[in-house]
Amino acid sequence: MEALSRLQSFIKQHALFLEEEHVLLAVSGGRDSVAMAHLFKAAGYHFGIAHCNFNLRGEESELDERFTEGLAQELAVPFYTCRFDTNKYAGENHISIQMAARDLRYKWLEKIRKEFNYQYIAVAHHQNDVIETMLLNLTRGTGISGLHGILPKKGKLIRPLLYLTQVEIDELVQKNAYQYREDSSNLSVKYSRNKLRLEVIPVLKELNPALEQTFEANRRRFAELEILLNLQVQEIKKRLFKKLSEDEFEIKISELKKLNPLNTLLYGLFNPYGFTETVLHDLSHSWDGNPGKVFYSAGHQLLVDRGCIILSLIKESGYEEILIKSGTAIYNWNKQKYGSKTVPISRFELNTNENIAQLDLDLLSFPLKLRSWKNGDCFQPLGLKQKKKLSDFFIDRKISLNHKKDIGILENNNGDILWVAGLRIDERYKISPNTKKVFILEQFI
107 MEALSRLQSF IKQHALFLEE EHVLLAVSGG RDSVAMAHLF KAAGYHFGIA HCNFNLRGEE
167 SELDERFTEG LAQELAVPFY TCRFDTNKYA GENHISIQMA ARDLRYKWLE KIRKEFNYQY
227 IAVAHHQNDV IETMLLNLTR GTGISGLHGI LPKKGKLIRP LLYLTQVEID ELVQKNAYQY
287 REDSSNLSVK YSRNKLRLEV IPVLKELNPA LEQTFEANRR RFAELEILLN LQVQEIKKRL
347 FKKLSEDEFE IKISELKKLN PLNTLLYGLF NPYGFTETVL HDLSHSWDGN PGKVFYSAGH
407 QLLVDRGCII LSLIKESGYE EILIKSGTAI YNWNKQKYGS KTVPISRFEL NTNENIAQLD
467 LDLLSFPLKL RSWKNGDCFQ PLGLKQKKKL SDFFIDRKIS LNHKKDIGIL ENNNGDILWV
527 AGLRIDERYK ISPNTKKVFI LEQFI
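Numbering of the sequence shown is given in my numbering, commencing with residue 107 and proceeding in unit increments.
The following block contains the structure:
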């Protein structure tokens with residue numbers, strides 16, 4: 107069978123899976139997924155069949171499920187099924203029925219894959235699906251990833267029928283008299299993909315009878331272009347992204363301005379963190395303004411900060427306050443560890459390390475408080491005769507706006523700031539000739 111040998115060659119060519127590995131086939135009961143199941147059986151691959159009942163077509167949905175279970179029995183392979191309230195899910199999540207079905211389907215398939223030790227999930231997309239996807243993406247607007255449409259392999263998801271056209275699948279099904287279920291919703295043009303399939307693509311095929319082959323060649327070219335672009339982006343990222351911490355990078359704006367083409371490379375650099383083209387356009391048009399502007403994605407933020415962009419994971423705006431007592435103890439705050447003790451002046455040795463606060467015990471009112479920085483904070487830095495806004499102090503010390511909340515602020519019970527952890531104590535609470543006991547709080551690095 108030509109389709110079988112081509113399947114085996116396609117799987118090897120794209121390294122979809124190894125012969126000894128197990129694959130979970132997503133089978134709706136339609137001709138494409140039924141053909142895939144029969145081809146896998148003929149090839150001797152290890153597989154199971156999974157079917158989603160979305161409860162969208164009444165009795166038709168029930169018959170689809172029963173048919174698919176019968177197919178699994180005929181092929182002597184494991185069968186898994188699940189019923190969804192798709193309309194309810196769509197309403198609760200404010201998404202379309204099609205998007206709801208897609209979300210439910212892939213989440214459940216991945217759950218079954220893990221639970222029953224399948225290495226991959228196979229879906230029955232073919233070359234005509236590639237055309238539809240590429241046209242839909244072009245219509246809606248897309249980057250280069252949308253131009254190559256559907257890839258043969260993406261993570262644990264594989265598409266082993268991408269070597270076949272719809273006509274070839276129809277011929278395979280007819281020749282072998284495979285039984286299948288016809289989905290009546292495929293004939294409705296109210297769905298965008300169906301409208302393309304039934305009304306647009308036939309016209310395009312009049313212009314180019316070899317449309318599938320042309321789009322497949324285009325898909326390969328665009329996929330290769332994406333690889334080249336990603337390689338370039340990774341090289342730029344290695345050069346420009348200076349790692350500040352596990353979840354934070356600094357990028358010089360002057361270097362970003364040199365990128366050409368700017369918009370494409372900005373998108374390549376920051377889209378993996380969830381930033382859209384619109385947000386990145388706004389970023390590039392505001393980075394010459396005053397520092398402090400922040401741009402957000404779902405999980406990250408970009409902070410414009412004095413000639414640099416700070417990329418960081420979004421964290422809570424502040425951390426829980428903790429109370430510091432007068433005795434010897436160990437404290438944990440914001441993944442930082444602090445140790446306290448009290449010593450008489452006779453045993454005291456001055457230490458100028460900024461990670462250690464040495465304060466006159468008699469001037470303190472316990473319990474002290476260790477907290478995050480807040481707007482309006484001010485203190486009298488050691489060595490100065492007047493108070494200073496903490497925000498100005500941070501600027502003088504070149505502390506980025508994003509780092510402020512990670513710095514511990516030690517506050518006296520009367521509201522005075524005693525110590526900006528790791529940076530400076532307050533002049534008013536330093537050790538003096540009148541000091542009898544010293545309270546020491548050390549930040550362990």
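In this text, a Cβ means the ideal position worked out from N, Cα and C, and glycines have one as well. Source: prediction; values computed, not measured.
Close beta carbons around residue i, own chain, < 6 Å, minus the five adjacent residues each side
i       : result
Arg-112 : Tyr-269
Leu-346 : Ile-357, Glu-361
Phe-185 : Ile-155, Glu-175, Ala-178
Val-385 : Phe-401
Arg-530 : Pro-487, Leu-488
Ala-228 : Val-129, Leu-131, Ile-264, Pro-266
Trp-214 : Cys-188
Cβ-based neighbour list, residue i, same chain, cut-off 7 Å, excluding 5 preceding and 5 following
i       : result
His-120 : Pro-258, Lys-259
Gln-442 : Gly-514, Gln-549
His-254 : Arg-325, Phe-328, Ala-329, Glu-332
Val-339 : Leu-371, Gly-374, Leu-375
Thr-58  : For residue 58 there is no data in the structure shown, the boundaries of the chain being 107 and 551.
Ser-390 : Leu-368, Leu-372
Lys-399 : Ser-392, Val-410
Backbone secondary structure at residue i - three-state DSSP
i       : result
Thr-245 : helix
His-152 : strand
His-391 : coil
Phe-173 : helix
Asn-438 : strand
Tyr-186 : strand
Ser-134 : coil
Phe-545 : strand
Lys-443 : strand
Ser-418 : strand
Asn-159 : strand
Arg-530 : strand
His-128 : strand
His-406 : strand
Leu-429 : strand
Alpha-carbon spacing of residue i relative to residue j, whole angstroms
i       : j       : result
Gln-492 : Gly-433 : 31 Å
Glu-221 : Leu-524 : 55 Å
Gln-407 : Glu-305 : 43 Å
Leu-470 : Gly-489 : 19 Å
His-157 : Gly-261 : 21 Å
Ile-256 : Tyr-212 : 15 Å
Thr-248 : Glu-427 : 46 Å
Val-129 : Cys-188 : 18 Å
Tyr-226 : Leu-409 : 39 Å
Lys-349 : Trp-439 : 23 Å
Ser-446 : Lys-194 : 56 Å
Asp-93  : Asp-289 : Past the boundaries of the shown model lies residue 93; the chain is included only from 107 to 551, so the question cannot be answered.
Trp-479 : Asn-336 : 40 Å
Leu-244 : Ile-203 : 22 Å
Leu-516 : Gly-482 : 15 Å
Asp-522 : Phe-472 : 12 Å
Thr-239 : Arg-503 : 53 Å
Pro-367 : Ile-537 : 59 Å
Asp-191 : Glu-198 : 11 Å
Phe-116 : Asn-292 : 28 Å
Ser-251 : Asn-377 : 12 Å
Leu-173 : Val-183 : One detail in the question is off: residue 173 reads as Phe in this sequence, not Leu. Going by the C-alpha atoms only, they are around 14 Å apart.
Ala-404 : Ser-392 : 20 Å
Ile-416 : Tyr-224 : 41 Å
Ile-237 : Phe-321 : 6 Å
Beta carbon of residue i nearer than 7 Å to that of residue j
i       : j       : result
Ala-435 : Leu-547 : no
Leu-474 : Ile-430 : yes
Tyr-286 : Gly-164 : no
Asn-159 : Glu-171 : yes
Lys-543 : Thr-448 : yes
Tyr-535 : Asp-468 : no
His-231 : Arg-208 : no
Asn-461 : Ile-342 : no
Phe-500 : Lys-511 : no
Leu-278 : Ala-149 : no
Lys-217 : Leu-181 : no
Val-133 : Ala-141 : no
Leu-302 : Asp-353 : no
Close-in-space but distant-in-sequence residues of the same chain around residue i (CB under 8 Å, 5 per side omitted)
i       : result
Ser-360 : Gly-413
Lys-494 : Cys-484, Phe-485, Gln-486, Pro-487
Any C-beta of chain B under 7 Å from that of residue i
i       : result
Thr-192 : The structure shown contains no chain B, having only a single protein chain.
Where are the beta strand (DSSP E) runs, 3 residues long or more, that stay fully inside the stretch 445-523, in chain order? Whole beta strand (DSSP E) segments, 3+ residues: 462-466, 474-477, 515-517.
My parser needs the beta strand (DSSP E) runs of 3 or more residues fully inside the stretch 331-389; what are they? 348-351, 354-358
Note down, one range per segment and in chain order, each beta strand (DSSP E) of at least 3 residues found wholly within the stretch 208-293. Fully contained in the stretch 208-293 are the following beta strand (DSSP E) runs of length 3 or more, in chain order: 226-228.
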